[in-house]
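**Student:** Below you'll find the structure I mean.
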Amino acid sequence: MHTASLRHLLIIFVPTLAILLLMGMASLLFNVSIPNMTRDVTAIANISPLTGILSNLGILLWCSAASICFFSAIMLRNLKSKEIFWFLISSALLTTYLLFDDFFLFHEYLASRYLGLNEKVIFGALGIAVLSYLIEFRGIILRTNFSILLLSLGFLSTSVVIDTVFEFLFGNLGQWEYFLEDGTKWLGIASWCSYSVQTSCQFLVVTGVVNNTAQSAAYAAYNEDLRRRTADRRAREESP
Numbered sequence: 002m003h004t005a006s007l008r009h010l011l012i013i014f015v016p017t018l019a020i021l022l023l024m025g026m027a028s029l030l031f032n033v034s035i036p037n038m039t040r041d042v043t044a045i046a047n048i049s050p051l052t053g054i055l056s057n058l059g060i061l062l063w064c065s066a067a068s069i070c071f072f073s074a075i076m077l078r079n080l081k082s083k084e085i086f087w088f089l090i091s092s093a094l095l096t097t098y099l100l101f102d103d104f105f106l107f108h109e110y111l112a113s114r115y116l117g118l119n120e121k122v123i124f125g126a127l128g129i130a131v132l133s134y135l136i137e138f139r140g141i142i143l144r145t146n147f148s149i150l151l152l153s154l155g156f157l158s159t160s161v162v163i164d165t166v167f168e169f170l171f172g173n174l175g176q177w178e179y180f181l182e183d184g185t186k187w188l189g190i191a192s193w194c195s196y197s198v199q200t201s202c203q204f205l206v207v208t209g210v211v212n213n214t215a216q217s218a219a220y221a222a223y224n225e226d227l228r229r230r231t232a233d234r235r236a237r238e239e240s241p
């Protein structure tokens with residue numbers, strides 16, 4: 002077997018088998034039910050698969066954004082200037098934390114139960130991390146479509162404020178409180194993912210790592226089709 006193939010197999014199976022091993026140990030040592038760790042949540046709880054659909058869609062977008070940033074960083078790792086590489090790595094790590102927090106309810110459950118941390122402490126630390134990220138990479142961010150990033154941060158901050166600061170104001174809204182809180186969070190995640198995709202694509206094309214010939218060809222085909230349809234419309238208008 003070639004060394005590259007063996008390395009690929011190790012990358013695949015070492016972490017995946019480690020997870021299975023940890024689950025087996027958890028079952029043996031702490032009497033954790035294996036089906037509760039392996040089966041789908043909706044099947045375990047016997048609830049509709051649509052339960053929590055917006056939250057699940059948000060998780061998919063977090064994961065997409067993190068994966069794209071990691072992939073782009075790897076593609077750009079050999080550039081002489083490492084600024085873009087570290088920006089993408091930092092973006093990927095920050096997004097991965099947000100994914101972890103959202104998926105495992107870290108600030109709502111795990112942090113308070115197992116670490117004794119109030120969720121406001123978690124939000125404060127996250128705010129410092131985001132601010133440091135913005136300051137450290139401000140030069141790069143200003144070269145991107147940063148308005149989408151600011152829009153995302155605005156939506157996500159609004160969701161946090163509704164959840165923590167102004168909860169007493171929205172508590173009497175019933176289910177609409179969740180609509181506002183989770184709705185603004187969803188818009189923030191979607192904007193974050195869009196910014197990550199667009200920015201990663203921008204740097205891959207600008208640095209020449211990815212040839213934009215295909216993109217140019219697509220634009221050319223679109224423009225040609227638009228020109229043809231415009232000419233046809235004018236011909237119909239001019240015909241008696």
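Sequence positions in the sequence shown follow the working numbering and run 2 to 241. Beta carbons: idealized from backbone N, C-alpha and C, even for Gly.
1) So, with DSSP's three-state summary, where would you put S82?
2) Out of L11, S56 and R40, which one is the CA nearest neighbour of L100?
3) Looking only at its own chain, which residues have a Cβ that is under 7 Å from the Cβ of A219, when we skip the five neighbours before and after it?
4) Among T4, L18, T200 and A46, which one has its Cα closest to the Cα of R144?
5) Do S73 and F204 come within 8 Å of each other at the CB atom, strictly closer than that value?
6) Please state whether DSSP places T145 in a helix, a strand or coil.
7) State the CB to CB distance for the pair L89 and L77, rounded to an integer number of angstroms; the pair is presumed to be in contact (CB under 8 Å).
8) Can you tell me the Cβ-Cβ gap for T96 and S197, rounded? I've got them flagged as a contact below 8 Å.
9) Would you identify the three-state DSSP class for P50, choosing helix, strand or coil?
10) Taking contact to mean at least 3 C-beta pairs separated by less than 8 Å, is the stretch 43-54 in contact with the stretch 185-193?
11) Kindly indicate which residue of L106, K83 and C64 has the alpha-carbon position closest to the one of T208.
12) Going by other Cβ atoms of all chains shown within 10 Å of its Cβ, with 16 needed for buried, is I45 buried or exposed?
13) Report yes if the C-beta distance between F104 and I35 is below 8 Å; otherwise report no.
14) Classify G117 as helix, strand or coil using the three-state DSSP reduction.
**Tutor:** With the given structure in hand:
1) For the purposes of this step, residue 82 is identified with residue 81 of the sequence shown, where counting begins at 1. Of the three classes helix, strand and coil, the one that applies to S82 here is coil, per DSSP.
2) Residue mapping note: residue 100 aligns to position 99 of the sequence shown, counting from 1. Minimum Cα distance to L100 is reached at S56.
3) Counting from 1 along the sequence shown, the entry for residue 219 is found at position 218. Only weak support exists for where A219 lies, its pLDDT of 49 falling under 50; the value from the coordinates is given anyway. Once the five neighbours on either side are set aside, A219 has no close Cβ partner at all.
4) Looking up residue 144 in the sequence shown gives position 143. Ranking T4, L18, T200 and A46 by Cα distance to R144 puts T200 first.
5) Position 203 of the sequence shown, counting from 1, holds the residue named residue 204. Position 72 of the sequence shown, counting from 1, holds the residue named residue 73. Their beta carbons are under 8 Å apart, which means F204 touches S73 by this criterion.
6) Working through the sequence shown from its first residue, we reach residue 145 at position 144. It is coil, neither helix nor strand.
7) Counted from its first residue, the sequence shown places residue 89 at position 88. Counted from its first residue, the sequence shown places residue 77 at position 76. So it is a contact: roughly 7 Å between Cβ atoms.
8) Position 95 of the sequence shown, counting from 1, holds the residue named residue 96. Position 196 of the sequence shown, counting from 1, holds the residue named residue 197. Confirmed, about 7 Å.
9) Numbered from its first residue, the sequence shown carries residue 50 at position 49. Three-state result, P50: coil.
10) no
11) Translated into the one-based positions of the sequence shown, residue 208 becomes position 207. The candidate whose alpha carbon is nearest that of T208 is K83.
12) Working through the sequence shown from its first residue, we reach residue 45 at position 44. When all chains shown are included, I45 counts as exposed.
13) Here residue 104 is taken as the residue at index 103 of the sequence shown, counted from 1. Here residue 35 is taken as the residue at index 34 of the sequence shown, counted from 1. Contact: no.
14) Indexing the sequence shown from 1 puts residue 117 at position 116. G117: coil per DSSP, three-state reduction.
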